[in-house]
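Undergrad: What follows is a structure written as structure tokens; I'll ask about it next.
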Amino acid sequence: MDIREYINTNRARFMEEWASLIRIPSVSCLPEHKADMQRCAEHWRDLLLSSGATHAEVMPSNGNPFVYAEYIPQRNNQSSNGAESKQPLTILVYAHYDVMPIEPLEQWLSDPWEPSVRNGRLYARGADDDKGQAMIQAKAFEYMVREVWSQHGGNINVKFIFEGEEEIGSPSLESFIEEHKDLLKCDVILVSDTSMIGKETPSITTGLRGLAYWQIEVDGPNRDLHSGHFGGAVKNPVNALCEMLAQVVDKQGHITIPHFYDDVLPIPHEERGMIAQIPFSEDKYKAAIGIDATFGEEGYSTLERNSCRPSFDICGIWGGYTGEGSKTVLPAKAFAKVSCRLVANQDHGKISKVFADYMQHLAPTGVRVKVTPMHGGQGYVCPIDLPAYKAAEKGFEIAFGKRPLAARRGGSIPIIADFERVLGVKTILMGFGLEQNAIHSPNESMDLEVWEKGIIAVTEFYKQLQMEK
């Protein structure tokens, strides 16, 4: 049977398997859910085996366990005419089984750990991120095993690696893939943990920004001082910090850190053309977030600025007295947390150093500055002429009825760059989330029509690659 008939026949079972994962509160950032992480990993192992994996296991790590599974059937290494067959193509599917906390609980309209279907959507924590999208992968794979490869043969191997720490920065993943790079060896990586532009505007994520993050501490006098006795005679650390940070971005939206743009690549003309096709209203964008004007690097559109160009932001700043009423104090210390979103080819380690050096350069006399790097990650770009990208593009076109746009995203998924660095292969980001799915927020949901189309799209991805082989 074809994939649409297969979904119709098995819809109730698919939904119950999805629900069985959601009911496990696999919140990675809360230690009281440690046992739930193990339980969810074991449940995924069993689901992947029942979906057709020839082997699956839960593997320990420095943190939460990994789930590894594979479909590598026995094959005759000769074709019907006696010639050596082509080596099978190996696809590595990545997903994560951990989820964000549910707070604030009072804002949920239904139990976040018990899936609720209303208005064509399934509501629950993990409905989209990433249990819903991981189930898209599992069910497309199941169809290919049961209805295609088992009956007609195939020349594709599939491996799965599911982690339980994505929502806390994947601290164990890099060392895990380094240690197991032979096990994870593949030709392309497939990930469903991103979003589309819209339900009527399917898209494939082709780029992600990297990240560099720091904490800055500015020290002045050895104690808080009376602003009347010392004001105007002693450098105020809060004033100094504000003066320094105000110089990092100029009036044209250009970041002034020396050598910051050395490795920034221009946006290809074809991609700028696709970005221009994205339905976007500047006025609606401003109204939605309550601003009267946008701001950014001159020469680029809003959509280019928040996805294809680097940025600098003060994420938090504090110091001195901030309680109720007034206190005339010249504070002894000031602090800020700042970040840069980086683009492909920018190295977060290099940027971290040049920023720290720049802060020391800008520091006025009378204060001492300490810059502490906190974390970072590389950006990523996928060429749109890769055979695997073309297969994903065709899969979306068949499932959604129109060719997807190539779209870079402003967020960061550092593990994608780690995969490329360690395994030496590109990742295809076939994500099916929508903005209204409210991931990480109360009432997270997944559009059920999009979910089913996602299964169709991934199925067609496999079929397109099968034809290539």
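Be aware that the sequence shown starts at 8, since it is given in my numbering, and climbs by one per residue. Note that CB positions come from ideal geometry on N, CA and C, so glycine has one too.
1) On the DSSP bridge list, what partners appear for residue 347?
2) Let me make sure I understand the geometry here. Which of 457, 465, 452 and 456 has the alpha-carbon closest to that of residue 477?
3) Between the alpha carbons of residue 387 and residue 315, how many angstroms are there, rounded?
4) Per DSSP, what are the beta-bridge partners of residue 164 in this structure?
5) What distance in whole Å lies between the Cβ atoms of residue 301 and residue 293, which are believed to be in contact at a cut-off of 8 Å?
6) I need the DSSP call for residue 38, collapsed to helix, strand or coil.
7) Hey, is the segment 375-389 in contact with the segment 204-220, meaning 3+ C-beta pairs nearer than 8 Å?
8) What first and last residue would you give for the alpha helix (DSSP H) that runs through residue 62?
9) On the three-state DSSP scale, how would you describe residue 146?
10) Alpha carbon to alpha carbon, how far is residue 427 from residue 273?
11) Which of the three DSSP states is assigned to residue 159 in this structure?
12) Under 8 Å, do residue 248 and residue 241 count as touching if we go by C-beta distance?
13) DSSP on residue 368, reduced to helix/strand/coil?
14) Can you give the beta carbon distance from residue 171 to residue 27, rounded, assuming they're within the 8 Å contact cut?
15) Give me the residue from 21, 351 and 81 with the minimum Cα distance to residue 57.
16) With a threshold of 16 other CB atoms inside 10 Å of the CB of residue 115, please say whether the residue is buried or exposed.
17) From residue 336 to residue 253, what distance separates their C-alpha atoms?
18) When you compare the segment 414-423 with the segment 254-261, are there three or more beta-carbon pairs, one atom per stretch, that lie closer than 8 Å?
19) If you draw a straight line from the C-alpha of residue 87 to the C-alpha of residue 95, how long is it?
20) Near residue 176, what residues of its chain come up, given a Cβ to Cβ distance below 7 Å and the 5 sequence neighbours on each side ignored?
21) By DSSP, does residue 233 sit in helix, in strand, or in coil?
22) What residue range does the alpha helix (DSSP H) around residue 308 cover?
23) Tell me the residue span of the alpha helix (DSSP H) that contains residue 27.
24) Suppose the cutoff is 7 Å on Cβ atoms and the five residues either side in sequence are ignored; what does the same chain contact list for residue 466 look like?
25) So what does residue 125 bridge to, in DSSP terms?
26) What does the alpha-carbon distance come out to for the pair residue 423 and residue 398?
27) How many Å lie between residue 515 and residue 144 at the Cα?
28) Is it the case that the Cβ atoms of residue 209 and residue 226 are separated by a distance below 8 Å?
29) Taking 7 Å as the limit between beta carbons, can you name the residues of its chain near residue 402, skipping five residues before and five after?
30) Tell whether a beta-carbon distance below 8 Å holds between residue 4 and residue 8.
31) Could you check which residue in 188, 266 and 341 has the C-alpha nearest to that of residue 166?
32) Leaving aside the five residues before and after residue 456 along the sequence, list all residues of the same chain whose C-beta is less than 6 Å from its C-beta, in chain order.
33) Just to confirm, are residue 191 and residue 436 a CB contact at a threshold of 8 Å?
34) Given 8 Å as the limit, is there contact between the segment 39-51 and the segment 64-73, that is, 3 or more CB pairs closer than that?
35) Which residues does DSSP pair with residue 415 in a beta bridge?
36) Determine whether the beta carbon atoms of residue 380 and residue 359 lie at a separation below 8 Å.
TA: With the given structure in hand:
1) 219 and 319
2) For residue 477 there is no data in the structure shown, the boundaries of the chain being 8 and 476.
3) 11 Å
4) 97
5) 7 Å
6) helix
7) yes
8) No alpha helix (DSSP H) holds residue 62; the beta strand (DSSP E) holding it covers 62-66.
9) helix
10) 21 Å
11) helix
12) no
13) helix
14) The Cβ separation is near 17 Å, so there is no contact.
15) 21
16) buried
17) 23 Å
18) no
19) Unreliable placement is indicated for residue 87, whose pLDDT of 49 sits below 50; no coordinate value is reported for it.
20) 382
21) strand
22) Element bounds for residue 308: n/a, residue is neither H nor E.
23) 10-29
24) 10, 147, 150 and 151
25) 128
26) 19 Å
27) Only positions 8 to 476 of the chain appear in the structure, and residue 515 is not among them; the question remains open.
28) no
29) 464, 465, 467, 468 and 471
30) Outside the shown range of the chain, which is 8 to 476, sits residue 4, and nothing can be said about it.
31) 188
32) none
33) no
34) yes
35) 214
36) yes
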